[in-house]
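Asker:
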Amino acid sequence: MAKLHEAQGKTLLREHGIRTPEGALASTPEEARQVAQELSRPVVVKGQAWVTGRADRDLIRFAADPENAQMAASEILGRLVAGQPVEQVLVEEQVDCEREFYAGVIIDDQAQSPLLIFSSMGGTGIETIARSHPERIVRQHINVKDGLPGYEARNLVRSLDIHGKLLVGLGNLLASLYESASAYDARSAEINPIALTRDGKLLALDCRMTIDDNAAYRHPDLGIEVAREYDRPPTRLERIAWQVEAGDYRGTFYFIQMEYDYAHGDGVIGFHGAGGGGSMMSMDAVINRGYKLANFVDTSGNPPASKVYRAARIILNQGPIDGYFASGSGVASQEQFHSARGLVKAFMEEPLTVPAVLRLGGNAEQRAIAIIERAQAEIPAPVEAYGKDDSPEKCAERLDFLISSYSPPAERPTGRFPPDAAEPYQFSTITGGTVTLDHAACRRCDSKICLDTCIPQILSLEENVPVLNISREQAHKGGCIECLACQVECYFEGNRGGSVLLPIEGL
Ligand code: SF4
Ligand code: SF4
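Converting from the sequence shown to our numbering requires adding 69 to each position, the first position being numbered 1.
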């Protein structure tokens with residue numbers, strides 16, 4: 070679920086007729102001062118961060134005049150919240166509030182319909198209020214075909230003993246909130262609090278909205294860069310990972326950073342999972358040994374070797390990690406030798422300079438383990454591979470041992486790549502990669518291992534060199550599945566004439 074900042078959510082509410090306090094965003098303390106000056110009344114300065122409890126984090130300040138608004142903004146802007154600097158503050162008029170309410174629309178997955186929630190109390194600690202005063206909260210599922218007619222919204226408000234003008238105003242507000250949530254495919258849209266001012270106006274003082282990841286493409290105006298559930302703007306590497314995932318429909322690649330500011334020796338692990346449950350057990354296994362996780366990655370659902378390669382490169386490009394732990398379900402149905410080839414290519418090219426333990430349990434795991442073990446001499450740091458019979462705990466123990474007994478090289482080693490091609494035969498792949506077969510090396514190659522190991526069998530021998538047996542266009546459209554055999558198998562069993570260049574934009 071992609072989260073929206075408060076200011077963005079309020080814009081959507083205003084589009085649907087819900088009033089919000091007057092104000093504007095500011096990116097500098099001077100701008101904050103200017104907004105306060107234009108409002109010429111006391112203001113509240115609110116750091117725009119995707120976190121709850123902003124008041125407790127001192128991200129909300131009250132200022133009686135423009136000077137104080139400027140000072141408050143200077144103390145909030147740039148502060149790190151969940152690893153990201155606060156880039157904007159919302160400067161709004163202070164509101165003379167007589168009473169507060171809460172309203173929310175959330176998607177109830179179990180009931181498969183939106184659920185409208187309204188409370189005659191609102192403000193900080195709404196969760197506690199819900200527990201201590203359940204009689205002050207009402208809920209109603211909404212039939213998406215009919216929407217939320219005004220009379221139904223009013224009936225809901227009336228059930229909390231609210232009458233007269235306030236009943237009409239709150240009923241209209243609830244109907245508008247539902248319209249706005251529905252128009253933007255919101256998974257949740259909450260206003261807390263709705264303020265009733267002393268002069269009888271209803272204003273949305275704060276709001277939180279999350280948009281359904283699968284619908285984010287329908288709302289380019291929202292500028293959602295990465296349709297994933299983050300509590301902060303995506304990091305540089307998360308943006309890069311998202312581009313990898315967005316450009317490749319095969320399997321999944323989920324990447325999120327957890328630690329941002331660390332050094333060698335902090336006990337931070339680059340984590341590479343495959344499958345949710347097994348990944349959780351595997352993360353627990355390293356955390357129980359006192360390690361922290363730099364990231365969470367999931368490459369599952371039968372991803373191609375190229376996707377696993379790109380995921381591994383991104384994991385290794387974080388801050389300095391002390392180890393690499395790949396461990397997933399243990400009984401993956403995907404053929405694990407694809408993952409093994411992706412990891413070997415990444416570990417050789419980057420190259421890997423910290424110990425790695427790879428638990429590649431699942432289909433064809435013995436072949437996967439053999440691919441890793443064959444590459445050990447070409448990877449600067451120790452790498453061990455295990456299968457489904459080796460528990461996450463055992464693998465974590467091995468990683469712990471390797472880390473404690475490992476001394477990194479004084480100088481960073483260079484990556485290992487196949488030599489430059491003297492007589493390149495090339496074609497492009499579906500994710501913008503390039504396969505190169507150096508026909509000069511191929512002529513001298515006895516094994517021609519690429520022919521047998523190319524999974525879709527798109528290579529044939531012609532005049533003693535491998536060439537495509539499909540058109541270049543077919544190869545580009547996915548005929549070449551980027552299994553990396555013509556690089557990895559060729560490097561170890563052939564004459565090093567094959568290579569697959571897989572760009573990662575922004576890395
Ligand atoms: S294995 Fe390598 S060197 Fe041998 S024919 Fe294939 S690509 Fe060329
Ligand atoms: S040409 Fe064949 S072996 Fe090489 S990457 Fe493509 S599918 Fe794999």
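Backbone N, C-alpha and C define an ideal beta-carbon position, used for all residues, glycine too.
Please classify leucine 159: is it buried, with 16 or more other beta-carbons within 10 angstroms of its beta-carbon, or exposed?
Answerer: With 16 or more other Cβ atoms within 10 Å, it is buried.
Asker: Measure the C-alpha to C-alpha separation of arginine 428 and glutamine 117 and round it to an integer number of angstroms.
Answerer: 41 Å
Asker: Which same chain residues end up closer than 7 Å to lysine 414 when comparing Cβ atoms and leaving out the 5 residues on each side of it in sequence?
Answerer: Tyr378, Leu553, Gln556 and Val557
Asker: What are the boundary residues of the alpha helix (DSSP H) that glutamine 77 is part of?
Answerer: For glutamine 77, the uninterrupted alpha helix (DSSP H) run begins and ends at 75–84, by DSSP.
Asker: Is any heavy atom of ligand 1 found at a distance shorter than 6 Å from the C-beta of isoleucine 524?
Answerer: no
Asker: Assuming glycine 370 and glycine 320 are in contact, meaning their beta carbons sit under 8 Å apart, how far apart are those beta carbons, in whole angstroms?
Answerer: 4 Å between Cβ atoms; contact.
Asker: Which same chain residues, not among the five before or five after glycine 334, have their C-beta less than 8 Å away from its C-beta?
Answerer: Asp391
Asker: Who does isoleucine 50 pair with in a DSSP beta bridge?
Answerer: With the chain covering 70 to 576 only, the question about residue 50 has no answer from this structure.
Asker: In or out: serine 589 buried (at least 16 other Cβ within 10 Å) or exposed?
Answerer: Outside the displayed range of the chain (70 to 576) lies residue 589, so it cannot be described from this structure.
Asker: Could you tell me whether any non-hydrogen atom of ligand 2 is closer than 6 Å to the CB of cysteine 552?
Answerer: yes
Asker: Quick one: any contact between the segment 494–505 and the segment 541–550, if contact means 3 or more CB pairs under 8 Å?
Answerer: yes
Asker: Assign aspartate 459 to buried or exposed, taking buried as 16 or more other Cβ atoms, counted over all protein chains shown, within 10 Å of its Cβ.
Answerer: buried
Asker: By the 10 Å Cβ neighbour count, where 16 or more other Cβ atoms means buried, how is glycine 593 classified, buried or exposed?
Answerer: Summary: the structure shown does not reach residue 593, with the chain confined to residues 70 through 576, and so no result is reported for it.
Asker: Rounding to the nearest angstrom, what Cα-Cα distance links leucine 229 and valine 207 in this structure?
Answerer: 8 Å
Asker: Could you check what DSSP says for isoleucine 309 in three-state terms: helix, strand or coil?
Answerer: helix
Asker: Excluding the 5 residues flanking tyrosine 286 on each side, which residues of the same chain have their C-beta closer than 8 Å to its C-beta?
Answerer: Ala296
Asker: Who are the near neighbours of alanine 284 in its chain, counting only those whose CB is closer than 6 Å to its CB and skipping five residues on each side?
Answerer: Asp254
Asker: From the DSSP output, which residues share a beta bridge with glutamate 453?
Answerer: Val426, per the DSSP bridge assignment.
Asker: Over the uninterrupted alpha helix (DSSP H) stretch that includes cysteine 549, give me the two end residues.
Answerer: Counting along the chain, cysteine 549 falls outside any alpha helix (DSSP H), and DSSP gives it neither H nor E.
Asker: Taking phenylalanine 416 and isoleucine 438 to be in contact with their CB atoms under 8 Å, please state how far apart those CB atoms are, rounded to whole angstroms.
Answerer: With a Cβ gap of about 15 Å, phenylalanine 416 and isoleucine 438 do not count as contacting.
Asker: Classify proline 478 as buried or exposed, calling it buried when 16 or more other Cβ atoms lie within 10 Å of its own Cβ.
Answerer: exposed
Asker: Return the chain-ordered list of same chain residues with a C-beta closer than 8 Å to the C-beta of threonine 304, the five sequence neighbours on each side being excluded.
Answerer: Taken in chain order, the residues that qualify are Gly152, Gln153, Gln326 and Tyr329.
Asker: Does the beta-carbon of lysine 414, which I'm using as the reference point, lie nearer than 6 Å to any heavy atom of ligand 1?
Answerer: False, no ligand heavy atom lies under 6 Å from that Cβ.
Asker: On the DSSP bridge list, what partners appear for aspartate 367?
Answerer: Aspartate 367 is bridged to Tyr323 and Gly342.
Asker: Which partner residues of glycine 173 appear in the DSSP bridge assignment?
Answerer: The partner list for glycine 173 (beta bridge, DSSP) reads Ile186 and Glu259.
Asker: Please tell me whether, using a cut-off of 6 Å, the distance from the CB of valine 569 to the nearest non-hydrogen atom of ligand 2 is below it.
Answerer: yes
Asker: Could you tell me whether the Cβ atoms of serine 568 and proline 482 are closer together than 7 Å?
Answerer: The answer is no: Cβ separation not under 7 Å.
Asker: Would the beta-carbon of phenylalanine 324 fall within 7 Å of that of alanine 310?
Answerer: yes
Asker: If you compare alpha carbons, which of Gly238, Phe394, Leu571 and Pro389 is closest to aspartate 353?
Answerer: Phe394
Asker: Taking 8 Å as the cut-off, does the segment 117–126 touch the segment 95–109 (at least 3 CB pairs, one atom from each stretch)?
Answerer: No: fewer than three Cβ pairs fall under 8 Å.
Asker: Taking alanine 76 as the reference, give the member of Lys115, Phe187 and Pro451 with the closest Cα.
Answerer: If we check each option's Cα against that of alanine 76, Lys115 comes out closest.
Asker: Tell me the DSSP bridge mates of alanine 71?
Answerer: Ile280
Asker: With distances taken Cα to Cα, identify the nearest neighbour of histidine 74 among Glu156, Ser473 and Arg126.
Answerer: Of Glu156, Ser473 and Arg126, the residue nearest in Cα terms is Glu156.
Asker: Identify the continuous beta strand (DSSP E) that holds arginine 208 and give its terminal residues.
Answerer: 206–210
Asker: Determine, using beta-carbon pairs with one atom in the segment 178–186 and one in the segment 132–146, whether at least three such pairs fall under 8 Å.
Answerer: With a cut-off of 8 Å, the segment 132–146 and the segment 178–186 do not count as touching, because too few Cβ pairs lie within range.
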